Amino acid sequence: MEDSAVVRMVMLLVFVGWLMMWVMLPTETYKFSWKPTLANRLDSTYFREQGTNLVLFSFPIMFLASLGCIYLHFQKKSRSESNLTRRRWLDVWKRPLIVTNLLGIVSVMELVFAAMFIALLGWSLYNYLHVSFAYPHMHHGVVQKEWLTKFRSVSLRVGYIGNITWAFLFFPVTRGSSILRLVGLTSESSVRYHIWLGHLSMVLFTAHSVGFIIYWAFTHEMALMLEWSRTYISNVAGEIAFVLALIMWVTSITRVRRKMFELFFYTHQTYVLYVFFYIIHVGVAYFCLILPGIFLFLIDRYLRFLQSRINVRLIAARLLPCDTLELNFSKIAGLEYHPASFLFVNVPLISKLQWHSYTVTSNANTEPEMLSIVIKCQGTWSHKLYQELSGSAIERLQVSVEGPYGPTSQHFLSYENLVLISGGSGITPFISIIRELTFRKTRQEQQPDKNHKIPTSVLLICVFKNSAELSMLDLLIPLTSTSTPSDLSQINLQIHAYITREVEQPQTLENIKKPLQTIWFKPNVSDSPVSPQLGPDSWLWLCAIISSSFIMFLILLGFVTRYHIYPKDDIGGDKVYNYTFKTLWDMFFVCVSVFLATSFMYLWQKKENDKKEGMKVQNFEVGEVGEIERFDRQSVVETTEVHFGHRPDLKRMLMEKNKKEADVGVLVSGPGKLRREVAKICSSKMAKNLHMESMSFNW
230 MEDSAVVRMV MLLVFVGWLM MWVMLPTETY KFSWKPTLAN RLDSTYFREQ
280 GTNLVLFSFP IMFLASLGCI YLHFQKKSRS ESNLTRRRWL DVWKRPLIVT
330 NLLGIVSVME LVFAAMFIAL LGWSLYNYLH VSFAYPHMHH GVVQKEWLTK
380 FRSVSLRVGY IGNITWAFLF FPVTRGSSIL RLVGLTSESS VRYHIWLGHL
430 SMVLFTAHSV GFIIYWAFTH EMALMLEWSR TYISNVAGEI AFVLALIMWV
480 TSITRVRRKM FELFFYTHQT YVLYVFFYII HVGVAYFCLI LPGIFLFLID
530 RYLRFLQSRI NVRLIAARLL PCDTLELNFS KIAGLEYHPA SFLFVNVPLI
580 SKLQWHSYTV TSNANTEPEM LSIVIKCQGT WSHKLYQELS GSAIERLQVS
630 VEGPYGPTSQ HFLSYENLVL ISGGSGITPF ISIIRELTFR KTRQEQQPDK
680 NHKIPTSVLL ICVFKNSAEL SMLDLLIPLT STSTPSDLSQ INLQIHAYIT
730 REVEQPQTLE NIKKPLQTIW FKPNVSDSPV SPQLGPDSWL WLCAIISSSF
780 IMFLILLGFV TRYHIYPKDD IGGDKVYNYT FKTLWDMFFV CVSVFLATSF
830 MYLWQKKEND KKEGMKVQNF EVGEVGEIER FDRQSVVETT EVHFGHRPDL
880 KRMLMEKNKK EADVGVLVSG PGKLRREVAK ICSSKMAKNL HMESMSFNW
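Residues 230 to 928 (the working numbering) make up the sequence shown, in order.
Okay, structure coming up:
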């Protein structure tokens, strides 16, 4: 315990020190005092002008990512549920503070960190301009009007501020990142920060680009737009990057993204070209400032690519009468995940390029060799898949996956009472939570332990459009499990289902009692069970990849700089090495290092795990689950109270809970309007005992 506290303190100090370097970077003190001294010591013949930034801005984050992997590995080994009590002091910070259509639900903590980040940007812009105005220089040796000189300076420094947002841009979308886990974030919850940073960076880069176009127009230097300098940054590369960024920005607007997801998806894949030209534009020195985010993202992306090359074994599919289906995959017993995790799925029969994320509804404890997801038909891709499965006899469906990803803790267990509020397909993360609670309750009765606490009561409030969607409640019972329907009563579960578009109970409500249509697929020797990207000790393997690839990058960069670039690059002299080529070398070494280190580690651990697991494909015969196909759903029906023709009065129901119970966890999943409604209730001063968490999988 003491060792982990020391490691946390070291990581905190390194992170704070890294942030302080960003604070000092634009100041006069750094430019005229620190930078010359550091350059004399760090800008060696092996790294030239990159040396200082590699040490101050790249190394700390790469060190944090590696050390964080080791820390998370041992935390996983010694994880204790009693640690959940430590989250209490964070309740106030996690309370919703701002609830709007534009920003969504913003907690106190998010607002504080957002304000601090904006303050950093404001501080940096002020100091950059202060230094620039205090020490003006002639551009191309030409004396210009003072306002033009300042206008150019402002446009340039706004671009510098955009680089700060870029330094953080890729961290939220690095799904397997140790840094996200260290700060308590998951990839699905942090995507919103990527969106915020993306919008902010585009505002800054637009001002930067438009500012320079205006400046060139006033100074009659529009020819500079076509300049690809041999000794300095390339304007053309910056313009190409800006155009690509604009296309991605427009198609990522919420309304466009949701109505034309395929357009958004395909245009967003141009980020590779955007990054390429952006790095060429900013040059090697600034590339080292933003290197950690790109480096870690590249490792994560390549690992996902390697995992996606494997066809996974699809055992069965369950079709519901409400245009919903459940896919059940084989998985190795060593694959662990928590409730509310999600999985990215690709079905080449429908689309070879599209990947879609869906909530994992299975439970790793009760279903050690099976992983299940639920897909609600809400778009072209999901409708095609449903029609393909329901309309023809398919013996095998080729599927690839990435993940699963999700929370690293099960904090919902720490509440005394639990309220789960869902809208439509938003019920899916709660299926896995209810299964976990059922497992915990059964284990607690068999092995009593005071440290293993679970909520004393669970209230599920689900809102559906029509009665056919009530069949989604059948998914509370897994396809294969030793659990019985009576297990649901052990956790004191109450279900209130609201059918909003039907005023009275129709006769078709009896469909809920009909067995779900189950399709069984034949096993194939080429299919493999879902397994972790890097095996059971994934954090240690990830640490090895991060550290070895970064060291390899430094060795390659140092060698080429010293023996190829340095002899041809006399800074301040006649010989100047092509500036773009320097940047290309950097990007090439990053890609080579990541490719070699990740491929070697991945194949090595895969070979070792294949020996242990034997890569056995489990044979699930229909007869094995015959009883499950005929299980009595009466207990689910008895637990459910169905209301027709109106929505739930959430304010009344939650405030009653607030008065009666001392500690109520409120988890909400579904449309944004529903989540914002619950957030407004839980953020009121009267709701002191309500602790809300919003789950959003709609990006």
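Glycine included, each C-beta is placed from N, C-alpha and C at the ideal position. From a predicted model like this one, the values you see are computed outputs, not experimental measurements.
Item	Value
Below 8 Å on the Cβ atoms is my contact criterion, and I expect residue 586 with residue 599 to pass it. Report the Cβ-Cβ distance as a whole number of Å.	About 19 Å separates the two Cβ atoms, so there is no contact after all.
Can you tell me whether residue 176 is buried or exposed, with buried defined as 16 or more other CB within 10 angstroms of its CB?	Outside the displayed range of the chain (230 to 928) lies residue 176, so it cannot be described from this structure.
I'd like to confirm the pairing. Which residues does DSSP put opposite residue 921 in its beta bridges?	895
Would you report the Cα separation of residue 578 and residue 627, rounded to the nearest angstrom?	7 Å
Please state whether the Cβ-Cβ distance between residue 455 and residue 762 is less than 7 Å.	no
For a test of your reading of the model: does the CB of residue 362 fall under 6 Å from any non-hydrogen atom of the ligand FAD? Yes or no.	Among the components of this structure there are no ligands whatsoever, and the ligand FAD is therefore not found.
For the 8 Å Cβ check, are there 3 or more pairs between the segment 349 to 360 and the segment 400 to 411?	no
Is the number of C-beta pairs between the segment 767 to 779 and the segment 552 to 567 that are closer than 8 Å three or more?	no
Using CA coordinates, which residue listed in 459, 881, 247, 631 is at the minimum distance from residue 813?	459
Would you call the segment 743 to 762 in contact with the segment 538 to 545, where contact means no fewer than 3 C-beta pairs closer than 8 Å?	yes
With DSSP as the reference, identify every bridge partner of residue 335, one or two as the case may be.	327
How many angstroms separate the CA atom of residue 601 from the CA atom of residue 556?	6 Å
Any idea which residues DSSP pairs residue 585 with across the strands?	574
Which residues bound the beta strand (DSSP E) around residue 547?	543 to 549
If you reduce the DSSP assignment to three classes, tell me which class residue 236 lands in.	helix
Look at the Cβ atom of residue 241, then the Cβ atom of residue 396, and state whether they are nearer than 7 Å.	no
Between the alpha carbons of residue 781 and residue 623, how many angstroms are there, rounded?	47 Å
Give me the Cα-Cα distance between residue 248 and residue 685, rounded to the nearest whole angstrom.	43 Å
Which residue from 439, 618, 818, 328 puts its Cα closest to that of residue 468?	439
Compute the distance between the beta-carbons of residue 462 and residue 512, then report whether it is under 7 Å.	yes
Residues in its own chain within less than 6 Å of residue 302 by CB, not counting five upstream and five downstream?	768, 769
Sorted by chain position, which residues of the same chain lie with C-beta nearer than 6 Å to residue 957's C-beta, five sequence neighbours on each side aside?	The requested residue 957 does not occur in the structure, where the chain is confined to residues 230 to 928.
Identify, in the order they occur along the chain, each residue of the same chain with its Cβ nearer than 6 Å to the Cβ of residue 257, setting aside the five sequence neighbours on each side.	360
Could you say which of 291, 618, 826 lies nearest to residue 408 if we only look at CA atoms?	291
For residue 358, which residues from the same chain have a beta carbon less than 6 Å from its beta carbon, with the 5 sequence-adjacent residues on both sides left out?	386
DSSP three-state call for residue 757: helix, strand or coil?	strand
Going straight from the alpha carbon of residue 332 to that of residue 924, what length do you get?	15 Å
Exposed or buried, residue 705, counting other C-beta atoms within 10 Å across all chains shown (16 or more means buried)?	buried
Measure the alpha-carbon distance for residue 955 versus residue 596 and round it to whole angstroms.	Residue 955 lies beyond the residue range present for the chain, which begins at 230 and ends at 928; the question has no answer from this structure.
Please report the straight-line C-alpha distance between residue 329 and residue 451, rounded to a whole angstrom.	43 Å
So residue 278 and residue 514 are supposed to be a Cβ contact under 8 Å. How far apart are they, rounded?	5 Å
Under the rule that 16 or more other beta-carbon atoms within 10 Å means buried, what is residue 885, buried or exposed?	exposed
Report the partner residues of residue 725 according to the DSSP bridge assignment.	690, 870
Could you give the first and the last residue of the continuous alpha helix (DSSP H) run that contains residue 887?	879 to 889
Out of curiosity, what's the CA-to-CA distance linking residue 918 and residue 904?	18 Å
With DSSP run on the structure shown, which of helix, strand or coil describes residue 592?	coil
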